[in-house]
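Trainee: Protein chains in written order, with UniProt numbering: chain B, 1 to 204; chain D, 1 to 204; chain U, 1 to 204; chain C, 1 to 204. Before I ask anything, here is the structure I am working with.
4 protein chains.
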Amino acid sequence: MVKKPAPDTTRRSEKSRRAIYAAALALVGEVGYPKTTVEGIAARAGVGKQTIYRWWGSKADVLLEAFLDLGEQAAQAAGQEPYAIPDTGDLAADLKAVLRATVDELLDPRFEAPARALAAEGLVNDQLGREFVTKLLEPQLQLYVDRLRSAQDTGAVRPDADPRIALELFVSPLTQRWLQRTAPVSHAYTDTLVDYALYGLAPR
Amino acid sequence: MVKKPAPDTTRRSEKSRRAIYAAALALVGEVGYPKTTVEGIAARAGVGKQTIYRWWGSKADVLLEAFLDLGEQAAQAAGQEPYAIPDTGDLAADLKAVLRATVDELLDPRFEAPARALAAEGLVNDQLGREFVTKLLEPQLQLYVDRLRSAQDTGAVRPDADPRIALELFVSPLTQRWLQRTAPVSHAYTDTLVDYALYGLAPR
Amino acid sequence: MVKKPAPDTTRRSEKSRRAIYAAALALVGEVGYPKTTVEGIAARAGVGKQTIYRWWGSKADVLLEAFLDLGEQAAQAAGQEPYAIPDTGDLAADLKAVLRATVDELLDPRFEAPARALAAEGLVNDQLGREFVTKLLEPQLQLYVDRLRSAQDTGAVRPDADPRIALELFVSPLTQRWLQRTAPVSHAYTDTLVDYALYGLAPR
Amino acid sequence: MVKKPAPDTTRRSEKSRRAIYAAALALVGEVGYPKTTVEGIAARAGVGKQTIYRWWGSKADVLLEAFLDLGEQAAQAAGQEPYAIPDTGDLAADLKAVLRATVDELLDPRFEAPARALAAEGLVNDQLGREFVTKLLEPQLQLYVDRLRSAQDTGAVRPDADPRIALELFVSPLTQRWLQRTAPVSHAYTDTLVDYALYGLAPR
DNA sequence: ATGTAATCGAGACGGTACGTCCCGTCTTTTC
DNA sequence: GAAAAGACGGGACGTACCGTCTCGATTACAT
């Protein structure tokens with residue numbers, strides 16, 4: 001197998017990289033992912049196609065990095081953002097707060113188009129799906145695992161519950177509603193999810 | 001606006017339709033959705049491209065119909081299938097049974113590739129997403145709504161719980177694990193989901 | 001070896017073919033052969049690139065056919081063209097007349113650019129060179145062979161002279177001057193060539 | 001207009017220049033002129049592309065210089081070569097001898113590829129054509145002019161013949177046969193050319 | 001039983017985008 | 001300050017499919 005020689009990262013044009021990120025995100029937002037083309041990104045970024053192919057393997061790769069970068073930018077802009085779920089002692093309140101923030105983010109049009117596109121591509125493209133999950137999804141989910149573990153310590157959650165599964169009770173429904181547009185998402189909705197998940201559907 | 005005259009359905013070639021379904025499903029399984037092309041389907045089905053464009057609007061449409069047809073075929077083959085969730089009086093048992101069957105289906109390679117492809121396309125293509133949800137997803141979910149309503153009548157589920165949200169506690173996690181491959185799905189997993197959803201994460 | 005299936009000639013678009021010929025000749029004339037691109041020809045002809053690649057293997061092939069067609073058009077337009085060198089009995093006069101006509105043609109800008117381009121490409125591209133020679137050059141030269149043979153019958157040319165070589169004495173110098181622009185060509189020049197060739201450089 | 005400052009010739013790397021010549025000639029011989037690229041020459045010569053663009057304007061320029069250099073090398077290697085046509089008093093014999101040597105050179109594969117490539121490029125590229133003719137062709141032809149002038153002094157050639165045209169009678173046919181491959185070249189062929197040119201085609 | 005109109009397999013067509021190859025320029029580091 | 005290295009913006013390559021458009025050949029209905 002002939003591996004093409006890796007390009008020299010130290011010579012890379014930062015300006016072009018930023019322009020490519022911006023163009024990719026803009027195009028996905030404006031014309032949608034399927035109509036976003038490498039050629040279009042290059043033209044919009046004022047860049048040669050080869051500059052894209054030199055550093056990325058596909059438009060999906062570009063978009064993933066652009067999206068990760070967007071997340072970092074937003075994080076920095078928001079000041080030192082916690083990267084942890086608050087722990088006020090009131091689990092229900094903490095989860096509801098975080099999920100409300102998540103809802104707001106999901107409804108932000110700047111995030112929506114690329115996030116949806118990446119999720120879709122990840123379903124069908126194994127390699128990208130793997131990256132999407134490990135780089136974006138898992139770190140988020142881990143925060144819930146941590147908070148639930150803490151709740152188990154204080155007795156707010158049953159000690160035998162598997163936190164990795166438990167978090168799915170409120171996270172997955174939200175994700176699915178948003179991705180598949182089966183129904184609108186709202187703060188009331190996520191509040192309800194938390195209540196159902198914590199206290200069960202069966203009468204107490 | 002000139003609407004193209006609807007073709008004469010009575011003259012439609014049943015043989016071609018079936019060949020197109022078969023070719024579409026086979027190709028999606030073999031080379032994946034993105035590499036499946038209308039041209040490829042036509043060639044494999046021994047059919048002119050126009051025959052596809054005459055009856056469907058895109059490869060996604062073809063695949064959706066092919067998949068619906070596949071479902072019907074499977075249903076008929078399986079004899080009278082319930083199209084309802086059993087109601088033995090034991091809600092937990094009934095849900096676990098249905099979800100176990102669902103897991104088995106999701107792991108069937110014949111279903112996996114096209115289902116995943118359609119889900120992915122639906123995320124990014126509004127019109128198809130809508131159809132996917134209404135024709136495939138909603139009917140399934142409605143069965144859970146019905147069963148949960150019945151459970152509310154018998155007092156097994158709190159009367160104030162919204163069944164449409166309640167079902168998401170166990171259905172969405174399964175869907176997401178399967179679609180995004182965040183973790184493997186199994187009978188044990190869905191059993192756990194049902195328990196958590198019914199009895200809550202908080203200690204009783 | 002996988003030979004791609006020959007396209008169906010009967011379905012070929014005559015209009016596109018003509019448009020491609022016209023575009024190719026125009027572009028070679030306007031921007032020169034090296035800057036003439038398949039893409040440019042397609043755009044100018046209002047044709048998809050594939051339509052060119054379906055019927056020709058390269059821009060050189062296109063130009064060769066376009067040029068042959070141009071010759072046929074011109075021939076038809078000129079009414080019954082001779083396709084033979086006149087035979088008035090006066091060999092010198094006949095050759096001078098034909099060569100003067102050739103000079104006029106070589107100086108016609110409509111012929112010059114494509115002819116020069118094809119000659120150049122033929123030097124470096126064996127396959128095209130072969131075609132250029134057999135389809136364009138040889139038929140022309142054969143006319144001289146015929147006329148010289150006739151001259152040998154009447155005693156105007158030595159019977160032991162090889163006509164195929166003899167004709168080169170006046171044809172090749174003209175060709176080379178024109179192609180390589182070593183010196184201008186004119187009626188006087190070709191007249192001189194005929195005289196030198198017939199009567200020799202040595203004193204009589 | 002800003003003319004780029006001429007680089008400092010005294011600092012030029014002789015080693016690189018030689019390597020570039022060698023690479024250019026080798027590549028033209030191996031893959032042909034059209035597939036010979038500046039990038040390829042640079043890589044093969046172990047040289048940066050800029051080093052080529054600093055000293056030459058195009059691959060044609062490089063090849064022309066490389067070819068001229070090759071000629072000088074060959075000349076030096078062959079010992080002090082005459083750079084004049086021998087003058088034994090027998091014009092026919094002298095011309096035949098020189099033309100036989102020329103035939104040998106034309107058939108030498110080391111000369112063939114680059115010479116043909118340069119001739120072809122010259123047909124289509126005015127500037128290079130001009131250089132090719134003045135630097136390579138004309139000096140050669142001038143030798144014939146000189147020898148024919150001398151022959152006119154001794155009465156072996158008619159005094160009113162224009163030597164510049166006369167030489168074309170035997171030189172151009174040879175050139176054309178070789179370049180356009182209309183027919184093979186050989187010693188017998190050039191001998192015949194000389195005879196025909198000197199004594200004419202008409203019976204004496 | 002025949003005429004006729006629509007579907008069918010086939011595939012050429014005008015296009016768009018692909019991913020690759022080079023162009024000629026520019027920048028960085030080394031000698 | 002030339003040289004090796006190679007990233008850059010750009011343009012064209014030749015290919016793959018798109019969705020539309022003719023072509024006969026077939027087919028199934030209305031006469």
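Backbone N, C-alpha and C define an ideal beta-carbon position, used for all residues, glycine too.
1. Closest to U:A113 by C-alpha separation, out of U:R164, U:T51 and U:E30, would be which residue?
2. Which value, in whole angstroms, describes the spacing of the CA atoms of C:T37 and D:R17?
3. Have a look at U:A43, U:R147, U:L68 and U:P163 and flag the residue whose alpha-carbon is nearest the alpha-carbon of U:A84.
4. Could one say the Cβ of C:G122 lies closer than 9 Å to chain U's Cβ atoms, at least one of them?
5. Report yes or no: do three or more beta-carbon pairs, one from the stretch 121-133 of chain U and one from the stretch 167-179 of chain U, lie closer than 8 Å?
6. Round the Cβ separation of U:L95 and C:R158 to the nearest angstrom and send it over; I've been treating them as touching at under 8 Å.
7. Please confirm if U:E168 has its CB atom under 9 Å from at least one CB of chain C.
8. Is it a yes or a no for the stretch 106-120 of chain U touching the stretch 53-70 of chain U, going by three-plus beta-carbon pairs under 8 Å?
9. Could you give the DSSP three-state label for U:W56: helix, strand or coil?
10. Can you pull the chain D neighbours of B:D162, defined as C-beta to C-beta under 9 Å?
11. Classify B:G181 as helix, strand or coil using the three-state DSSP reduction.
12. Is D:G29 close to chain B, meaning its C-beta is less than 9 Å from at least one C-beta of that chain?
13. If you draw a straight line from the C-alpha of U:D191 to the C-alpha of C:A97, how long is it?
14. Let's see if you can read the secondary structure: which residues bound the alpha helix (DSSP H) around U:Y21?
15. For the UniProt domain "HTH tetR-type" (14-74) of chain C, which residues have a beta carbon sitting closer than 9 Å to at least one beta carbon of chain U?
16. Use the C-beta contact count for B:Y53: other C-beta atoms within 10 angstroms, 16 or more gives buried, fewer gives exposed.
17. Shortest alpha-carbon distance to U:A23 belongs to which of U:L136, U:G40 and U:V133?
18. With 16 as the cutoff for other CB atoms within 10 Å, does B:A45 come out buried or exposed?
19. If the criterion is Cβ atoms closer than 9 Å, does the pair B:L123 and D:A42 meet it?
20. Hey, which unbroken runs of the beta strand (DSSP E) at 3 residues or more fall wholly within the stretch 67-140 of chain D?
21. Please report the residue range of the alpha helix (DSSP H) in which B:V38 lies.
22. Using a cut-off of 7 Å between C-beta atoms, extract the partners of C:Y199 located in chain U.
23. Using beta carbons (cut-off 9 Å, strictly below), is C:V185 in contact with chain U?
24. Grab me the residues of U:G89's own chain with a C-beta within less than 8 Å of its C-beta, minus the 5 sequence neighbours each way, in chain order.
25. Here's the rule: buried if 16 or more other CB atoms are within 10 angstroms of the residue's CB, otherwise exposed. What is D:T175?
26. Just to confirm, is the Cβ distance from B:A120 to B:Y33 under 9 Å?
27. Leaving out five residues on either side along the sequence, give the residues of the same chain with a beta carbon under 7 Å from the beta carbon of U:A156.
28. Can you list the residues of chain C that U:T102 reaches, using a CB-CB cut of under 8 Å?
29. Which residues, in order along the stretch 124-156 of chain B, keep a beta-carbon less than 9 Å from a beta-carbon of chain D?
30. Roughly how many angstroms lie between the CA atoms of U:Q140 and C:K59, to the nearest whole one?
31. Nearest to U:A74 by alpha carbon, out of U:G57, U:L99 and U:E105?
32. Give me the chain C residues within the contact set of U:T182, using Cβ-Cβ distance strictly less than 7 Å, ordered along the chain.
33. Taking 8 Å as the limit between beta carbons, can you name the residues of its chain near U:K4, skipping five residues before and five after?
34. Once DSSP output is grouped into helix, strand and coil, what is the label at U:A6?
35. According to DSSP, simplified to helix, strand and coil, what is D:P163?
36. Buried or exposed: D:R177, going by 16 or more other Cβ atoms within 10 Å of its Cβ?
Mentor: By the coordinates alone:
1. What you label residue 113 of chain U is simply residue 113 of the third sequence in a count that begins at 1. For the residues U:R164, U:T51 and U:E30, the minimum Cα distance to U:A113 belongs to U:E30.
2. In the fourth sequence, the residue the question calls residue 37 of chain C occupies position 37. In the second sequence, the residue the question calls residue 17 of chain D occupies position 17. Taking the straight line from one Cα to the other gives about 52 Å.
3. By 1-based counting over the third sequence, the position of residue 84 of chain U is 84. The option with the nearest alpha carbon to U:A84 is U:R147.
4. As a first step, residue 122 of chain C must be located in the fourth sequence, where it is residue number 122. True, the Cβ-Cβ gap to chain U drops below 9 Å.
5. no
6. In the third sequence, residue 95 of chain U corresponds to position 95, counting from 1. In the fourth sequence, residue 158 of chain C corresponds to position 158, counting from 1. In fact, because the Cβ distance is near 20 Å, the residues do not count as touching under 8 Å.
7. Translated into the one-based positions of the third sequence, residue 168 of chain U becomes position 168. Chain C, which has a Cβ nearer than 9 Å to the Cβ of U:E168, makes this yes.
8. yes
9. Taking the first residue of the third sequence as position 1, residue 56 of chain U is located at position 56. If DSSP states are grouped into helix, strand and coil, U:W56 belongs with coil.
10. Locating residue 162 of chain B in the first sequence gives position 162, where the first residue counts as 1. Near B:D162 (Cβ distances below 9 Å), the residues of chain D are T192 and Y196.
11. By one-based count along the first sequence, residue 181 of chain B stands at place 181. Rather than Gly, the amino acid found at residue 181 of chain B in this sequence is Arg. Note: B:R181 maps to coil in three-state DSSP.
12. On the second sequence, residue 29 of chain D is found 29 positions in, with the first residue counted as 1. Answer no: the Cβ-Cβ gap between D:G29 and chain B never drops below 9 Å.
13. If you number the third sequence from 1, residue 191 of chain U lands on position 191. If you number the fourth sequence from 1, residue 97 of chain C lands on position 97. Their backbone Cα atoms lie some 29 Å apart in a straight line.
14. Walking along the third sequence from the start, residue 21 of chain U turns up at place 21. Looking at the DSSP string, the run of the alpha helix (DSSP H) that includes U:Y21 is E14 to V31.
15. G32, Y33 and P34
16. Position 53 of the first sequence, counted from the first residue, corresponds to residue 53 of chain B. Exposed: under 16 other Cβ atoms inside 10 Å.
17. The residue you call residue 23 of chain U lines up with position 23 of the third sequence. Among U:L136, U:G40 and U:V133, the Cα nearest to that of U:A23 is on U:G40.
18. Position 45 of the first sequence holds residue 45 of chain B. Buried.
19. Stepping through the first sequence from its first residue, residue 123 of chain B is reached at position 123. Stepping through the second sequence from its first residue, residue 42 of chain D is reached at position 42. Their beta carbons are not under 9 Å apart, which means B:L123 does not touch D:A42 by this criterion.
20. none
21. The residue labelled residue 38 of chain B in the question sits at position 38 within the first sequence. Counting along the chain, the alpha helix (DSSP H) containing B:V38 begins and ends at V38 to A45.
22. By 1-based counting over the fourth sequence, the position of residue 199 of chain C is 199. Per Cβ cutoff of 7 Å: G200 and A202.
23. Locating residue 185 of chain C in the fourth sequence gives position 185, where the first residue counts as 1. Chain U contact via Cβ: absent.
24. As a first step, residue 89 of chain U must be located in the third sequence, where it is residue number 89. Only T154 meet the Cβ criterion.
25. Sequence index remark: in the second sequence, residue 175 of chain D carries index 175 (1-based). So D:T175 counts as buried.
26. Counting from 1 along the first sequence, the entry for residue 120 of chain B is found at position 120. Counting from 1 along the first sequence, the entry for residue 33 of chain B is found at position 33. Closer than 9 Å, so yes.
27. Start at 1 with the first residue of the third sequence, and residue 156 of chain U comes out as number 156. Same-chain partners within the cutoff: L91.
28. Walking along the third sequence from the start, residue 102 of chain U turns up at place 102. Near U:T102 there are no residues of chain C at all, since even the closest Cβ is about 15 Å away, more than 8 Å.
29. V124, N125, D126, G129, R130, F132, V133, L137, E138, L141, L148, A151, G155 and A156
30. Within the third sequence, the letter at position 140 stands for residue 140 of chain U. Within the fourth sequence, the letter at position 59 stands for residue 59 of chain C. Taking the straight line from one Cα to the other gives about 35 Å.
31. Position 74 of the third sequence holds residue 74 of chain U. It is U:E105.
32. Numbered from its first residue, the third sequence carries residue 182 of chain U at position 182. Those are V133 and L137, listed as they occur along chain C.
33. On the third sequence, residue 4 of chain U is found 4 positions in, with the first residue counted as 1. Result list for U:K4: empty, nothing under 8 Å.
34. Numbered from 1 along the third sequence, position 6 holds the residue referred to as residue 6 of chain U. Three-state result, U:A6: coil.
35. On the second sequence, residue 163 of chain D is found 163 positions in, with the first residue counted as 1. Reduced to three states, the DSSP call for D:P163 is helix.
36. Locating residue 177 of chain D in the second sequence gives position 177, counting from the first residue. Classification for D:R177: buried.
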